[in-house]
Amino acid sequence: MVLVQLAVLSTLWCSSYAMKILADQEAANADAVAKCYSGPEQGVWELVMGKQIDIGAASSTLELAQRAHVGSGMKGVELNSNNGGGMRALVRLAGVDSMIGVDLTKSVVETGKKRTAEEGLSDKIKFINKNSLENGLPDASADFVYSKDAWCYMPDKQLIIDQAARIVKPGGKVMFTDWIEGEGLSDPEAQRFLSLMTFPAIPTVEEYAQMLKKAGFEVEIAENSGRFSPAMDSYVHMLKRQAVYDAKKLLGWDEEAYDKLISDFEFMAKLAREGKIIQGMFVGRKKDVHREM
Numbered sequence: 255m256v257l258v259q260l261a262v263l264s265t266l267w268c269s270s271y272a273m274k275i276l277a278d279q280e281a282a283n284a285d286a287v288a289k290c291y292s293g294p295e296q297g298v299w300e301l302v303m304g305k306q307i308d309i310g311a312a313s314s315t316l317e318l319a320q321r322a323h324v325g326s327g328m329k330g331v332e333l334n335s336n337n338g339g340g341m342r343a344l345v346r347l348a349g350v351d352s353m354i355g356v357d358l359t360k361s362v363v364e365t366g367k368k369r370t371a372e373e374g375l376s377d378k379i380k381f382i383n384k385n386s387l388e389n390g391l392p393d394a395s396a397d398f399v400y401s402k403d404a405w406c407y408m409p410d411k412q413l414i415i416d417q418a419a420r421i422v423k424p425g426g427k428v429m430f431t432d433w434i435e436g437e438g439l440s441d442p443e444a445q446r447f448l449s450l451m452t453f454p455a456i457p458t459v460e461e462y463a464q465m466l467k468k469a470g471f472e473v474e475i476a477e478n479s480g481r482f483s484p485a486m487d488s489y490v491h492m493l494k495r496q497a498v499y500d501a502k503k504l505l506g507w508d509e510e511a512y513d514k515l516i517s518d519f520e521f522m523a524k525l526a527r528e529g530k531i532i533q534g535m536f537v538g539r540k541k542d543v544h545r546e547m
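Residue numbers (the working numbering): 255 to 547.
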């Protein structure tokens, strides 16, 4: 695992991108991420975000689908799907015909299957408990590939975008949001942020756009969603004012852990207000080489 992480780190440093990278890559490897989402962190995020666990939840997902022209009758794939809340929103509210979600963490996949069954959507939504980079899905098999605030956990983000390009049909779409670097983020701020979020690296809007182009997508949208700062202020309010009991219960009544949680969220809210961390929104269309020739 160490050699793999070092190889990824070398690839990122030697690429044309200059994205900020977590110094201790082992602290953000796949096992570390799975551990976070198998413990109280998953519960904390659901407490402040709801069951979709992303900035904007269903409202953001539906905006993304509308802008990408994704909807009725389409078949999609979500890479890093967590519990599948976004997939359920797309099927239930956007008319998507069916979806397959891929996620490495067994506990969130099991939760996703249970919630999908409870909503009567198991015939339309399936889960694969695998690394999204080794998903085994057929080439050109989906009308779109989707992700919400989840590719931030990938060490080499070009690889996940390349997977999206492989899976989606010519002329199909990739649509996703992610936590990304805005302007003025210092190296010490970046290291603290990446460490507490278990992110290996954080790109900018332009860096993600370049990765999409490299994978063969025509970039239709690459922008700041404008949702990050209001959301972070809301989460801080929840944890300090509205859901204190629930948060402390999730943390096993550990006051030091609660104080650290508040400090971490206040730090992220400050970065958000200063525009140093934002949520990026992206839509790309896979070029149909034969048709465009």
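Cβ coordinates follow ideal geometry from the N, Cα and C atoms, glycine included.
Short of 6 Å from the beta carbon of L301, and not among the five residues preceding or following it, lie these beta carbons of its own chain, in chain order: A497, D500. For the pair G327 and V350, the Cα-to-Cα distance works out to about 6 Å. Here the C-alpha atom of N336 lies approximately 6 Å from the C-alpha atom of V363. Per DSSP, G325 has no beta-bridge partner at all.
D432 counts as buried, since at least 16 other C-beta atoms from the protein chains shown sit within 10 angstroms of its C-beta.
Annotation: K524 to I379 spans about 37 Å, alpha carbon to alpha carbon. In the DSSP assignment, S352 falls within the unbroken beta strand (DSSP E) covering 352-356. When rounded, the separation of the alpha-carbon atoms in L504 and K541 is 46 Å. Taking 8 Å as the cut-off, the Cβ atoms of R481 and I309 count as close. By the CB criterion at 8 Å, V287 and Y407 fall inside the cutoff. As far as DSSP is concerned, M273 takes part in no beta bridge. In the three-state reduction of the DSSP assignment, D508 falls in the coil class. In this structure, the alpha-carbon of V473 lies about 46 Å from that of D508.
The DSSP assignment places complete beta strand (DSSP E) segments of no fewer than 3 residues inside the segment 353-417 at 379-382, 396-402, in order along the chain.
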